[in-house]
Amino acid sequence: MIKKFSFALFDSGETILGALIFSTLFPLYITEYVDPKIYSFTYGFSFLISFLFALFLGKLADEKGLRKHFFILFVLLTAVMNLFLWLSYENPFFSLLFFSFMAIFHQQSLVFYNSLLLDFDKKGIVSGFGVAFGYIGSAISLVFLAKYLNLPDAYLIIGIMFLFLSLPSFFFLENPAEKGNISLKFIFKDKKFLILIVCILSLTEVANTLIAMMGIYLKKVYSLSEGNIYKTIGFSAIGGVLGGLFWGKLSDVFSPKKVFPIGFFLWILFITILPFIPRKLIIIAGFLAGFSLSHLWTTSRVFIIESFPHSQVSVRLSFLSLTERVASTTGLIIWSLFLFLTENNFRISAFLMIIFPIIGLILYRYYQKL
233 MIKKFSFALF
243 DSGETILGAL
253 IFSTLFPLYI
263 TEYVDPKIYS
273 FTYGFSFLIS
283 FLFALFLGKL
293 ADEKGLRKHF
303 FILFVLLTAV
313 MNLFLWLSYE
323 NPFFSLLFFS
333 FMAIFHQQSL
343 VFYNSLLLDF
353 DKKGIVSGFG
363 VAFGYIGSAI
373 SLVFLAKYLN
383 LPDAYLIIGI
393 MFLFLSLPSF
403 FFLENPAEKG
413 NISLKFIFKD
423 KKFLILIVCI
433 LSLTEVANTL
443 IAMMGIYLKK
453 VYSLSEGNIY
463 KTIGFSAIGG
473 VLGGLFWGKL
483 SDVFSPKKVF
493 PIGFFLWILF
503 ITILPFIPRK
513 LIIIAGFLAG
523 FSLSHLWTTS
533 RVFIIESFPH
543 SQVSVRLSFL
553 SLTERVASTT
563 GLIIWSLFLF
573 LTENNFRISA
583 FLMIIFPIIG
593 LILYRYYQKL
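Counting the sequence shown from 1 gives a position; my numbering is that position plus 232.
In structure tokens, the structure reads:
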């Protein structure tokens, strides 16, 4: 049980770091000094570098059995970058530079963290447990911590919290022993694997757009007050916690191969009913959103681990990390296009997002035939 808690605590710390620094505090700070387009480009470019970096290091980790070693290294480097952000607060140029390094290091830590699931027999429930703790960490950070944190001291406080919640995984998680020679050329030619990654991307497009736009959607469509918006989003966190545990257990009982495709139908259902949900029932939509999000995050990493050679887990999981980053950009661009085409009709624009899980489902049926 202590190994499971150790794995989940990192997920909680990582979510706190993401919710407070990557999504809130730093963007608000840096865009006072730097054009938002420059910030967006720099942030996006750091993810490209991160993916290329992860391919090289993932290959090395898989061949030499260094997954936990790299996990610890990049967690420590991420925490150190928080210190450098604190020190460089008066200099936006250096702050943006250190933030970019932190984004790269943070992404590396996630790739090798996910690969540590190899250490568990029941990977589904452990993955779901981590997702549940991540939702708890997100709720605590946004509801209870955010209003008390001010820059630059927030960098130090959050960095220490992130490191503290990561420490149990340093001591109690084992380094997976699987090793093997890796051919990146072979992986890039693995048609079945690449199609699965696109299937996951199709769901991530909807998920990341939902996360980014739900507050605005609730305000524009239902005219909810900030308090009711937080309440609805908070209810989605409850759905996420329960969903993580539910989907994780289900994955262990029936296998990720059978549970993962449920996500296509979950998102098709959610998007279909969202435009028609009355104001008094919108809190139910919040719960269903969290339940659907937890399915994606719980099952996708386990599905990849169980579907391909364990000796290649770090390299292949670097592609999963890439889907998160690509979806964060393209999902919002396409959402903006839908709003433009519908003349800012949020209900119709939300419904048009159904194209992603439908395409994903079609591709997944093709994937099954390969």
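A virtual CB, placed ideally from N, CA and C, is assigned to each residue, including glycine.
Given 8 Å, three or more beta-carbon pairs between the region 309-329 and the region 247-267: yes
Beta-carbon contacts of PHE404 that lie in its chain and below 6 Å, excluding the five residues immediately before and after: ILE234, LYS235 and SER238
Residue from THR561, ALA293 and TYR598 with nearest C-alpha to PRO493: TYR598
Backbone CA spacing between SER457 and VAL375 [nearest angstrom]: 16 Å
Member of LYS423, SER278, GLY356 and LEU477 whose CA lies at the smallest distance from the CA of SER332: SER278
Same chain only: Cβ atoms within 7 Å of SER398, ignoring 5 sequence neighbours per side: PHE242, GLY245 and VAL307
Contacts around GLY475, its chain only, beta-carbon distance under 7 Å, and the 5 residues preceding and following it disregarded: GLY522, PHE523, SER526 and HIS527
Where the alpha helix (DSSP H) containing TYR380 begins and where it ends: Taken as a continuous stretch (DSSP letters only), TYR380 belongs to no alpha helix (DSSP H), as it is neither H nor E.
TYR345 versus LEU426: straight-line alpha-carbon distance, rounded: 22 Å
The region 344-362 contacting the region 532-550, beta-carbon criterion three pairs below 8 Å: yes
9 Å Cβ cutoff met for PRO488 and GLU538: yes
Own chain residues within Cβ distance below 7 Å of LEU584, not counting five before or after: PHE570
Stretch-stretch touch, CB-based, cutoff 8 Å, three pairs: the region 288-301 with the region 588-596: no
Segment contact flag, the region 461-481 with the region 565-579, C-beta cutoff 8 Å, min 3 pairs: no
Stretch-stretch touch, CB-based, cutoff 8 Å, three pairs: the region 385-392 with the region 267-282: no
Beta-carbon contacts of ALA293 that lie in its chain and below 7 Å, excluding the five residues immediately before and after: ARG299, PHE302, PHE344 and SER546
9 Å Cβ cutoff, TYR596 in contact with chain B: Checking the listed chains, one finds no chain B in this structure; it contains a single protein chain.
Integer Cβ distance of PHE337 from LEU317, believed to fall under 8 Å: About 12 Å; that fails the 8 Å criterion.
Alpha-carbon to alpha-carbon, TYR449 and SER568: 13 Å
Secondary structure of GLY297, DSSP reduced to three states: coil
Three-state secondary structure (DSSP) of LEU405: coil
For LYS411, the three-state DSSP class (helix, strand or coil): coil
For GLN600 and LEU377, the rounded distance between their alpha carbons: 45 Å
Proximity to LYS417 [Cα-Cα], best of VAL358, GLN544 and LEU501: GLN544
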